[in-house]
Amino acid sequence: MIRKAVLPVAGLGTRFLPASKAIPKEMITVVDKPVVQYVVEEAVAAGITEIVLVNHSLKKAIEDHFDVHYELEAELEKKNKTALLEVVRGIVPAGVRVISVRQGRPLGLGHAVLCAREVIGDAPFAVLLPDVLVDAEGVTGGNDLSRMLQAFEAHQAAQIMVQQVPMSRVDQYGVVSLGGPAPAAGQSVPMTGVVEKPKPADAPSDLSVVGRYVLPARIFELLASTAPGAGNEIQLTDAIAALIQEQSVEAYRMLGATYDCGSKIGYLEATLRYGLRHPELGAPFRDLINNL
Ligand code: G1P
Numbered sequence: 002m003i004r005k006a007v008l009p010v011a012g013l014g015t016r017f018l019p020a021s022k023a024i025p026k027e028m029i030t031v032v033d034k035p036v037v038q039y040v041v042e043e044a045v046a047a048g049i050t051e052i053v054l055v056n057h058s059l060k061k062a063i064e065d066h067f068d069v070h071y072e073l074e075a076e077l078e079k080k081n082k083t084a085l086l087e088v089v090r091g092i093v094p095a096g097v098r099v100i101s102v103r104q105g106r107p108l109g110l111g112h113a114v115l116c117a118r119e120v121i122g123d124a125p126f127a128v129l130l131p132d133v134l135v136d137a138e139g140v141t142g143g144n145d146l147s148r149m150l151q152a153f154e155a156h157q158a159a160q161i162m163v164q165q166v167p168m169s170r171v172d173q174y175g176v177v178s179l180g181g182p183a184p185a186a187g188q189s190v191p192m193t194g195v196v197e198k199p200k201p202a203d204a205p206s207d208l209s210v211v212g213r214y215v216l217p218a219r220i221f222e223l224l225a226s227t228a229p230g231a232g233n234e235i236q237l238t239d240a241i242a243a244l245i246q247e248q249s250v251e252a253y254r255m256l257g258a259t260y261d262c263g264s265k266i267g268y269l270e271a272t273l274r275y276g277l278r279h280p281e282l283g284a285p286f287r288d289l290i291n292n293l
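Residue numbers for the sequence shown follow our numbering, so the first one is 2 and each next one is one higher.
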């Protein structure tokens, strides 16, 4: 069973300025939780028990969010605020560990994943990009990540989550090529290649990499010898392209929806969607929107 996941959280979040100047973009709140907490919850729901944050020295708030806040817990206990105490303690569920390593220099996503190598070791692992919320609303029988983990075990093939995007936007993503037709939602098919942020005219398909990966430890060796690519950064996409030359790698087409919380409009959409279904705030929030 795959139990470890890497969350690269060291990025500066320039797309979200000015909000992300002093607050990590991953700590920006969607309804009542920071974005990164939703991503950790998604991983935990898929059976991940070891979360490896690849962090930056200026983003300690992320580590603090997943640490014990003894004073706060003692105060809530003293005041008998048991419901809140449970909320605070539940941020890291029992049996889950959050570990933090540093990416000292901004050398790219591939480099960030490589920084987790010593903590991950030889076992396969998941990667979740914390900008992107993957919504499992309406998805039954396990979230998309858990389906990818199952497909990895069943097919012995790395899994890359993809979704269709308009051709005009392929230059913002990794884009995959397939040997045959696109998979149905919830299914995986073999990939023949992947390129980072191609021009629409050069894109091999309209299936973009969403930011969820299940990878074998071999990727670390490939990353270690990957030269800087698009944007002069060490790209995870390039190491995956090298992996495809050696072993089976599959594109998993997601069932759920995504919200790109690294962008302001994606963040606003997530706020609406998650706000409207919040157990306590949903109804008054709906009234508020109707009144507007
Ligand atoms: C990264 C990956 C890209 C992927 C995207 C998903 O790009 O390099 O392949 O499609 O995340 O959000 P970034 O958004 O960090 O530029």
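Cβ coordinates follow ideal geometry from the N, Cα and C atoms, glycine included.
- The segment 131-139 and the segment 28-43 touch, with no fewer than 3 CB-CB distances between them shorter than 8 Å.
- Minimum Cα-Cα distance from ILE29 among the listed residues ARG274, GLU281, SER264 and ARG287 corresponds to SER264.
- Just so you know, the alpha carbons of GLU27 and GLU72 end up roughly 24 Å apart.
- The beta-bridge partner set that DSSP reports for SER189 consists of TYR253.
- Contact annotation: the segment 157-170 touches the segment 183-193, with at least three C-beta pairs closer than 8 Å.
- Spatial neighbours of HIS156 in its own chain (CB-CB distance under 8 Å, excluding positions within 5 residues in sequence) are listed in chain order as SER189, SER249 and GLU251.
- Beta-bridge partners assigned by DSSP to GLU197: GLY175.
- As a beta-bridge residue in DSSP terms, GLN165 pairs with LEU208.
- Secondary-structure assignment with DSSP links ASP261 through a beta bridge to VAL133.
- Taking one beta carbon from each stretch, the segment 165-178 and the segment 194-201 have 3 or more pairs nearer than 8 Å; the two touch.
- For LEU244, no beta strand (DSSP E) segment is defined; the enclosing uninterrupted segment is the alpha helix (DSSP H) at 237-245.
- Beta-bridge analysis with DSSP links ILE100 to VAL53.
- GLN151 has its Cβ no nearer than 8 Å to any heavy atom of the ligand G1P.
- Collapsing the DSSP output to three states places LEU115 in a helix.
- Looking at the DSSP output, LYS5 bridges to GLU51.
- Relative to the non-hydrogen atoms of the ligand G1P, the Cβ of GLN236 comes within a distance shorter than 8 Å of at least one.
- Rounded to the nearest whole angstrom, the C-alpha separation of ALA231 and ALA243 is 15 Å.
- Taking a 10 Å sphere around the C-beta of GLY12, we find 16 or more other C-beta atoms and assign the residue as buried.
- Of the heavy atoms belonging to the ligand G1P, none sits nearer than 8 Å to the Cβ of ASP68.
- The beta carbon of VAL120 is closer than 7 Å to those of VAL53, ILE100 and VAL102 in its chain, skipping five residues each way along the sequence.
- In the DSSP assignment, ARG213 is bridged to LEU129.
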